[in-house]
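Structure record follows, encoded as structure tokens.
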Amino acid sequence: MAETVPFNRAINHVAISCTDLEALVAWYQRNLGFQVIGRIRHFSRETTPEAFTQIFISYPKTMRELKFAILTSGNGVGLEVFQFIDPAPVKRDEEFEFARIGFFHICVTDPNPEALLAKVIADGGKQIGGWMDYSRYGLLGHRGVYMQDPWGNVVECMSISVERVCSAGGAIAFLLQKQEQESKAAASK
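Just so we're aligned, residue 1 is where the sequence shown starts under UniProt numbering, counting upward by one.
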């Protein structure tokens, strides 16, 4: 029997939690252009018990109250936003938890990441680290940067798609090969 290539699934949505859902939704609308699908909803086991037996059925019974909204990006990928009320949300241990297992950032594509970063900073966000320059892969003028929204969620912005960056001259393979060669050269000295 011939092997089949696994189906390349599309990202449907990702979810984040926050301490102020209305403010986060407004911020993502203003800065990233995301749009709200439907409306912001408030659910509690007392007033809307059906939501916990139908929509939030996978969550434990300890989740008793929350606010919820769905945003959509320019390519249709959803961003579910949760504000857990009971139990209350727990803030992150550190500013940029890149070493913690699990998802740690989303990435948007914008033709002018410099302008987007300036907008994000002016609206309470901040830059994390330096700029990535994709010119080294022959993608002249293309750059990327990590940012953080006011709630600590990390958003990367690239001026070009990840497929273009990774396929440009075998960018990742090239870097890995170069690092391996440099390591071998250093070890032989």
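Yeah, the Cβ is synthetic: ideal placement off N, Cα and C, and Gly gets one too.
Of the choices the options, whose alpha-carbon is the least far from that of residue i?
| i | options | result |
| --- | --- | --- |
| Leu71 | Arg64, Asn12, Val90 | Asn12 |
| Ala88 | Arg64, Glu3, Gly78 | Arg64 |
| Arg92 | Arg45, Leu24, Glu156, Cys18 | Cys18 |
| Leu21 | Tyr137, Arg39, Leu32 | Arg39 |
By Cβ distance, which residues of its chain are closer than 7 angstroms to residue i, with the 5 residues on each side in sequence left out?
| i | result |
| --- | --- |
| Glu97 | Phe104 |
| Leu66 | Phe43, Phe82, Gln83, Phe84, Ile85 |
| Thr62 | Pro87 |
| Thr51 | The residue asked about is misnamed: residue 51 is Ala in this sequence, not Thr. Answer for Ala51: Phe43, listed in chain order. |
Taking Cβ to Cβ, would you say residue i is nearer than 7 angstroms to residue j?
| i | j | result |
| --- | --- | --- |
| Leu140 | Ala168 | no |
| Asp149 | Gly129 | no |
| Ala15 | Glu80 | yes |
| Met158 | Thr109 | yes |
| Ala69 | Val120 | no |
| Leu117 | Gln127 | yes |
| Ile106 | Val162 | no |
| Ser73 | Phe34 | yes |
To which residues of the same chain is residue i closer than 6 angstroms at the C-beta, ignoring the five residues directly before and after it?
| i | result |
| --- | --- |
| Trp131 | Arg143, Val145 |
| Arg30 | none |
| Tyr134 | His142, Val165 |
| Asn153 | Ile16 |
| Asn112 | none |
| Arg41 | Phe68 |
| Val77 | Ile11 |
With residue i as the anchor, note down where its alpha helix (DSSP H) starts and where it stops.
| i | result |
| --- | --- |
| Thr53 | 49-54 |
Could you check where the beta strand (DSSP E) with residue i kicks off and where it finishes?
| i | result |
| --- | --- |
| Ile85 | 78-86 |
| Glu22 | Unbroken run through Glu22 is the alpha helix (DSSP H), 21-32; no beta strand (DSSP E). |
| Glu65 | 65-72 |
| Lys61 | Unbroken run through Lys61: none, as it is neither H nor E. |
| Ala168 | No beta strand (DSSP E) contains Ala168, which DSSP labels as neither H nor E. |
| Lys91 | Element bounds for Lys91: n/a, residue is neither H nor E. |
| Ala115 | No beta strand (DSSP E) holds Ala115; the alpha helix (DSSP H) holding it covers 113-122. |
| Asp133 | 126-133 |
| Phe43 | 35-44 |
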